[in-house]
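Student: This is the structure I want to talk about, given as structure tokens.
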Amino acid sequence: MMASLSHDAAELMHHTAERMRISAEACFNTFLKEALMKDMTKNMTPSQKQQFEKALVRCMKRINEKPS
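What follows is the structure in structure tokens.
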């Protein structure tokens, strides 16, 4: 009985973490769309645009990392 409860709790935590990760991705995607809609990069130099894109990629990689 106790092992079953522990397993259920672990499953619940896992699913909660998955929902939170998806929520973070959704927030990020919304931000990205807003940034593009407002054309944040319009007045940036090519170098600044490249740095901006690299920062976005780093953000996505962090969001997608699974906790160890």
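Residue numbers for the sequence shown follow the working numbering, so the first one is -1 and each next one is one higher.
All C-beta atoms in this analysis are idealised placements derived from N, C-alpha and C, irrespective of residue type, glycine included.
Determine, using beta-carbon pairs with one atom in the stretch 24 to 31 and one in the stretch 45 to 65, whether at least three such pairs fall under 8 Å.
Tutor: Enough Cβ pairs lie closer than 8 Å, so yes.
Student: Which same chain residues, not among the five before or five after Met69, have their C-beta less than 8 Å away from its C-beta?
Tutor: Any property of residue 69 remains undetermined from this structure, which presents the chain solely from -1 to 66.
Student: Determine the contact status of Leu30 and Leu54, defining contact as a CB-CB distance below 8 Å.
Tutor: Going by C-beta atoms, Leu30 is nearer than 8 Å to Leu54.
Student: Which residues in the same chain have their Cβ closer than 8 Å to the Cβ of Asn62, if we skip the five residues on either side of it in sequence?
Tutor: Counting only Cβ-Cβ distances below 8 Å, and skipping sequence neighbours, we find Arg19, Glu23.
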